[in-house]
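In the working numbering, the protein residues as written are 114 to 436. Take a look at the structure set out below.
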C-alpha cells in the first residue's frame, strides 16, 4: 500500500509538511536545550558564596592567574584558575580553554582522585554549554568513577544531575530517569530530593517523550511511598503552588459578593468594632503612604485658608457695623 500511495501521490506534495514538522522539532529541541542550560547556570549561581561581589570574584581570578604564571606545571593551581573562571561565568571561554589544557594534556591525572573528578565535571559543564554533548557525557562518566572512589554525597548528586541533563540533551530519557533514581539515594535532606525531582521533571518535560515522563513519575512516587516525611513536604508544596495558581489565574471564575445597600453601610458605620479595625490600619497607612500624607496636608492648608477668610470677613463685618 505504501508503494502504491507513493506511486499515486508525488513526493513533492509532502515536502512542505515535512519542512514544517522539521522546523517544529528543531524549535522544541532548541527550547529544551535552553532550559537545560538555564538549569545548570542556576545551579552554579546557587552554589556561589552568598554576598560575594563581582569585584571579589575577579580578584580571585587575578590571584589564581598570578599563581599559575609562577608555577605553570602545578595542575592544582590550574584547576583553581578554571574554577575561578567558572564561578564568575560558566560560559566564559577561558574556563573551557583552561579545562582543555588541564584534561587533554593529562595533567588532571596527576591530581588527587576527588580533584580529578572536579576537573572532569568542570570540563564536562563547559563542553555542555558549548553544545558538545557527547564529549560532555564522556567526561561526566570519568567524573563518576572518580567520585565513586573518593567523593561526598554533594559531589555525586551534582554529577548525577549533570548526567541527567546530558542524557536529556541527547534524547536518552530512560537513562536520565535512572540517574534520578541514583541521585535520590544520595540526598541528605528532604529539600534536596524535591529539588532533584523538579530539576528532572523540568528537563524531561522538553524531551517530548511521554513514556520517559511516566518512568520518572513512577520512580518519584515509589520513593515518596517509602519516605513519608518527604511525601508530606512535597504534598504541602504542591498544594501551596496549586493554591497560588488558582489565586492568580486570570481565567478562573470568581464569585462576586452581593451588592451592599445604604442601610448596610449605615449599620457598619455605627458599629464600634468596625472602627476599631479601620482606625489603626488607616493611621498606619497615613504614616507610610506619602500620597495620603500629601492629601491630608493639602486639606489642612485649605481648612486654614478657609478659617482665615471667615475670621477676616467677620472682623470686617464688625468694623463696618461700628462705623
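Where is the CB? At the ideal position from N, CA and C, for every residue including glycine.
Range of the contiguous alpha helix (DSSP H) that encloses residue 273: Counted as a single uninterrupted DSSP element, the alpha helix (DSSP H) harbouring residue 273 occupies residues 266-282.
8 Å contact criterion, which residue 242 and residue 204 should meet: CB distance rounded: Yes, they are in contact, since the Cβ atoms of residue 242 and residue 204 sit about 5 Å apart, within 8 Å.
Exposed unless 16 or more other CB atoms sit within 10 angstroms - verdict on residue 398: By the neighbour-count definition (other C-beta atoms within 10 Å, threshold 16), residue 398 is an exposed residue.
8 Å contact criterion, which residue 280 and residue 269 should meet: CB distance rounded: Going by Cβ atoms, the distance from residue 280 to residue 269 rounds to 16 Å, so no, they are not a contact pair.
Own chain, CB closer than 6 Å to residue 326, minus 5 neighbours either side, in chain order: Cβ neighbours of residue 326 beyond the five flanking positions: 317.
Secondary structure of residue 165, DSSP reduced to three states: In the structure shown, residue 165 sits in coil (DSSP, three-state: anything other than H, G, I, E or B).
Stretch-stretch touch, CB-based, cutoff 8 Å, three pairs: the region 167-174 with the region 148-156: When C-beta atoms of the region 167-174 are compared with those of the region 148-156, fewer than three pairs fall below 8 Å, so the two segments do not count as touching.
Under the three-state DSSP convention, the category residue 437 falls into: There is no way to answer for residue 437, as the model of the chain reaches only from 114 to 436.
Supposed contact pair residue 220 and residue 188 - C-beta distance, whole angstroms, cut 8 Å: Yes, residue 188 and residue 220 are in contact; Cβ-Cβ is about 4 Å, under 8 Å.
Three-state secondary structure assigned by DSSP to residue 394: Under the three-state reduction of DSSP output, residue 394 falls in the helix class.
Buried or exposed (CB count within 10 angstroms, at least 16 for buried), residue 428: Here residue 428 is exposed. Its C-beta has fewer than 16 other C-beta atoms within 10 Å.
When 151, 200, 191 are compared against residue 160, the one with the closest alpha-carbon: Residue 200 holds the alpha-carbon nearest to the alpha-carbon of residue 160 among 151, 200, 191.
Contact the region 226-241 vs the region 177-193: 3+ CB pairs below 8 Å: Contact holds between the region 226-241 and the region 177-193, because three or more Cβ pairs, one in each stretch, are under 8 Å apart.
Residue interval of the alpha helix (DSSP H) (run including residue 326): Its alpha helix (DSSP H) spans residues 323-338.
The region 259-274 touching the region 205-220, judged by at least three CB pairs closer than 8 Å: They do not touch, by the three-pair rule.
From 386, 341, 173, residue whose alpha carbon lies closest to that of residue 302: Minimum Cα distance to residue 302 is reached at 341.
C-beta atoms of residue 234 and residue 275 nearer than 8 Å: Result yes, Cβ atoms of residue 234 and residue 275 sit closer than 8 Å.
Buried or exposed by the 16-neighbour rule on C-beta atoms within 10 Å, applied to residue 380: By the 10 Å Cβ count, residue 380 comes out exposed.
Residues near residue 183 by beta carbon distance below 6 Å, same chain, minus five either side: No residues qualify anywhere along the chain.
C-beta contact flag for residue 146 and residue 282 at 8 Å: For residue 146 and residue 282, yes; Cβs fall inside 8 Å.
Residue 246 to residue 255 span [Cα, whole Å]: A straight line joining the alpha-carbon of residue 246 with that of residue 255 spans about 14 Å.
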